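**Q** In order, the protein sequence lines correspond to chains Y and F. The numbering used here applies: residue 7 is where the first sequence begins, and numbers increase by one. The numbering used here applies: residue 7 is where the second sequence begins, and numbers increase by one.
Number of protein chains: 2
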Amino acid sequence: MPRVLSETDVADFRERLCEAAERLFAERGPDAVTMRQLAAELGVSPMTPYRYFEDKDDILAAVRANGFNRFAEALETARDSAVGARNRGKAAGEAYVTFALENPHSYKLMFDFNQPHVEKYPELVVAGQRAQKTMTGYVEDALAEGLMTGDPGQIGMMFWAAVHGAVILELAGMLPPGGARALQGQLDATLMRGLRPEA
Amino acid sequence: MPRVLSETDVADFRERLCEAAERLFAERGPDAVTMRQLAAELGVSPMTPYRYFEDKDDILAAVRANGFNRFAEALETARDSAVGARNRGKAAGEAYVTFALENPHSYKLMFDFNQPHVEKYPELVVAGQRAQKTMTGYVEDALAEGLMTGDPGQIGMMFWAAVHGAVILELAGMLPPGGARALQGQLDATLMRGLRPEA
DNA sequence: CCTTGAAACTTACGATGTAAATTTATTTCG
DNA sequence: CGAAATAAATTTACATCGTAAGTTTCAAGG
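1. Nearest chain Y C-beta to Phe-119(F) closer than 8 Å, yes or no?
2. Quick check: is the beta carbon of Ala-167(Y) nearer than 8 Å to any beta carbon in chain F?
3. Determine whether the Cβ of Ile-174(F) lies closer than 8 Å to any Cβ atom of chain Y.
4. If you pair each beta-carbon of the stretch 16-34 of chain F with each one of the stretch 171-184 of chain Y, do three or more pairs fall below 8 Å?
5. Mind pulling the chain F residues with CB within less than 7 Å of Gln-192(Y)?
6. What does Gln-138(Y) reach in chain F if we use C-beta pairs closer than 9 Å?
7. Can you give me the C-alpha to C-alpha distance between Phe-74(F) and Ala-137(F), rounded to a whole angstrom?
8. So, is Ser-87(F) buried or exposed, given that buried needs 16 or more other C-beta atoms within 10 angstroms?
9. Within 10 Å of its beta-carbon, does Ser-12(Y) have 16 or more other beta-carbons around it, so buried, or fewer, so exposed?
10. In the structure shown, what three-state DSSP assignment does Asp-61(Y) receive?
11. Ala-172(F) and Gln-160(F) - do their beta-carbons sit closer together than 8 Å?
12. Could I get the ranges of all uninterrupted alpha helix (DSSP H) runs contained in the stretch 18-97 of chain F, with 4 residues as the minimum, in chain order?
13. Under a Cβ-count criterion, where at least 16 other Cβ atoms within 10 Å of its own Cβ denotes burial, should Gly-99(Y) be classed as buried or exposed?
14. Between the stretch 55-64 of chain Y and the stretch 97-112 of chain Y, are three or more C-beta pairs nearer than 8 Å?
15. Name the chain Y residues that come within less than 7 Å of Thr-196(F), Cβ to Cβ?
16. Is it true that the CB of Gly-200(F) sits closer than 8 Å to the CB of Gly-143(Y)?
17. Should Met-53(Y) go down as buried or exposed, given a rule of 16 or more other Cβ atoms within 10 Å for buried?
18. On the three-state DSSP scale, how would you describe Asp-118(F)?
19. Compare the C-beta of Gly-171(Y) against all C-beta atoms of chain F and say whether one is closer than 8 Å.
20. Can you confirm whether Leu-44(Y), when its beta carbon is compared against all beta carbons of chain F, has any partner nearer than 8 Å?
21. By a C-beta neighbour count over all protein chains shown, 10 Å radius and 16 as the cutoff for buried, is Ser-112(Y) buried or exposed?
22. Taking the alpha helix (DSSP H) that Lys-126(F) belongs to, which residues open and close that run?
23. At 9 Å on the CB atoms, spell out the chain Y contacts of Leu-189(F), in chain order.
24. Report yes if the C-beta distance between Ala-133(F) and Ala-71(F) is below 8 Å; otherwise report no.
25. Taking the CB atoms as reference points, tell me whether Leu-48(Y) and Arg-22(Y) lie closer together than 8 Å.
26. Residues in its own chain within less than 6 Å of Met-154(F) by CB, not counting five upstream and five downstream?
27. Quick one: using the 10 Å Cβ neighbour count with 16 as the cut-off for buried, is Tyr-56(F) buried or exposed?
28. Determine, using beta carbons only, whether Pro-203(F) and Gly-152(F) come nearer to each other than 8 Å.
29. Taking all protein chains shown into account, decide if Asp-194(Y) is buried (16 or more other Cβ within 10 angstroms of its Cβ) or exposed.
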């Protein structure tokens with residue numbers, strides 16, 4: 007009987023390839039990275055990665071899912087480090103901007119909507135939903151504390167749309183460096199004011 | 007002496023190729039469209055487009071600039087069709103969402119930040135700034151009318167970030183179809199409320 | 001009616017993603 | 001302890017891409 011790959015062998019290889027892909031994608035963009043380069047980076051022949059990934063899109067999806075999970079982790083950590091709905095919201099918003107500006111390539115990759123058939127990669131969908139949940143979850147606490155009134159889902163979406171928009175404007179070079187943080191803070195404050203229950 | 011292309015000949019060819027490119031890009035995405043297909047669409051040989059465009063990126067930049075200009079036109083039309091700063095703002099916001107949802111592929115192409123070296127295509131930059139100006143211009147009127155207080159540039163950015171964020175969430179499939187319009191309306195109303203001068 | 005030279009076409013090349021064929025290497029059994 | 005068996009890895013091969021280089025075409029002066 008031949009040698010058969012253990013589950014950890016497979017996981018190891020996938021992880022090493024994802025690491026290399028993340029780095030190369032960040033340096034030159036996914037289209038400019040070839041399967042041959044990725045294989046060479048791991049010191050294997052050009053076709054070996056195909057044992058571990060369906061195709062190039064599959065690798066891209068794995069890298070994106072990784073990004074979403076690291077992102078969700080950063081948000082969760084920030085949220086858990088503060089007390090009170092208002093402070094948790096602020097911390098999560100700031101962590102959002104920080105992550106996006108410190109990992110612009112990952113962020114761009116994650117939210118690049120021209121990526122093919124997301125629905126084919128359930129792991130990616132799950133990772134995205136995890137990030138979404140963290141982003142909007144604290145709104146329910148804020149509602150419970152009487153800081154605002156309205157539908158928690160809709161309000162969460164509003165905050166999400168606002169942060170994302172701020173980040174995009176900076177990444178597109180339409181804000182001064184670091185401007186997204188200020189813009190996000192202003193959006194957050196203004197939305198909170200606008201959502202305040204009538205006195 | 008040989009036949010020489012007139013300026014209108016060149017402009018005509020460029021326009022016809024842009025039209026074809028816009029259609030094919032929208033159907034299958036820019037990466038899935040080849041120079042050979044574009045040439046075949048116009049009934050010329052594969053290398054002929056290179057007489058009129060530097061390379062494929064140059065075509066993509068032209069299509070994006072077209073998109074920004076059509077976009078700016080739609081916003082300007084909407085804005086000019088209403089009276090009063092508040093109504094103009096509302097009309098522009100709605101037109102923004104309408105354009106994005108009716109031309110999702112153009113919109114994605116325009117705001118695809120993974121596109122290479124924008125700065126190499128001045129026409130594209132100019133078209134983008136035209137759209138930006140229309141998007142945020144009416145804020146100055148609103149300030150003049152006393153509807154809000156603050157820095158017009160910063161406030162304009164807030165509204166822009168909010169609409170864009172709402173659109174992106176829908177295009178990424180994270181909102182029910184048409185949800186961006188409702189979300190944008192809510193963002194607009196909430197921001198206006200939050201920016202209201204103290205009574 | 002030639003000559004001229006820009007415009008269009010044809011050919012050609014290196015690179016890509018990946019299918020298919022081949023080699024390598026490890027494990028179990030006779 | 002070989003030798004068969006077969007998963008994993010490599011090598012080869014191919015269609016297709018963007019586009020550089022070479023070739024042909026054909027309308028406008030002389």
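For every residue, glycine included, the Cβ atom is placed at its ideal position computed from N, Cα and C. On a predicted model such as this, the values are computed, not experimentally measured, just so you know.
**A** From the atom records:
1. Yes, Phe-119(F) lies at the interface with chain Y (some Cβ there is under 8 Å from its Cβ).
2. Closer than 8 Å: yes.
3. Chain Y contact via Cβ: present.
4. No: the two stretches stay apart, fewer than three of their Cβ pairs being nearer than 8 Å.
5. Here the neighbours are Gln-160 and Met-164.
6. For Gln-138(Y), the neighbours in chain F by C-beta distance under 9 Å run, in chain order, Met-180.
7. Rounded to whole angstroms, Phe-74(F) to Ala-137(F) spans 6 Å at the Cα level.
8. So Ser-87(F) ends up on the exposed side.
9. By the Cβ-count criterion, Ser-12(Y) is exposed, with fewer than 16 other Cβ atoms from all chains shown falling within 10 Å of its own Cβ.
10. Coil.
11. No. Outside cutoff.
12. Taking only runs of at least 4 residues, the alpha helix (DSSP H) segments lying wholly in the stretch 18-97 of chain F are 41-48 and 62-86.
13. Counting every other CB atom within 10 Å of its CB across the protein chains shown gives Gly-99(Y) a total of 16 or more, marking it as buried.
14. They do not touch, by the three-pair rule.
15. Close to Thr-196(F), with beta-carbon spacing below 7 Å, are these residues of chain Y in chain order: Met-164, Leu-197, Gly-200 and Leu-201.
16. With contacts defined as CB atoms closer than 8 Å, Gly-143(Y) and Gly-200(F) fail to qualify as a contacting pair.
17. Burial check for Met-53(Y): the Cβ neighbour count within 10 Å stays below 16, so the residue is exposed.
18. In this structure, Asp-118(F) counts as coil in the three-state DSSP scheme.
19. Yes, its Cβ sits closer than 8 Å to a Cβ of chain F.
20. So, not an interface residue.
21. Residue environment for Ser-112(Y): buried (at least 16 other C-beta atoms within 10 angstroms of its C-beta).
22. Where Lys-126(F) is concerned, there is no enclosing alpha helix (DSSP H), given that its DSSP letter is neither H nor E.
23. Chain Y residues near Leu-189(F): Gln-160, Met-163, Met-164 and Ala-167.
24. Pairing Ala-133(F) with Ala-71(F) gives a Cβ-Cβ distance under 8 Å.
25. In contact: Leu-48(Y) and Arg-22(Y) (Cβ atoms closer than 8 Å).
26. Once the five neighbours on either side are set aside, the close Cβ partners of Met-154(F) are Ala-148 and Leu-201.
27. It counts as exposed.
28. A Cβ-Cβ contact shorter than 8 Å links Pro-203(F) with Gly-152(F).
29. With a threshold of 16 other beta carbon atoms within 10 Å, Asp-194(Y) meets it and is buried.
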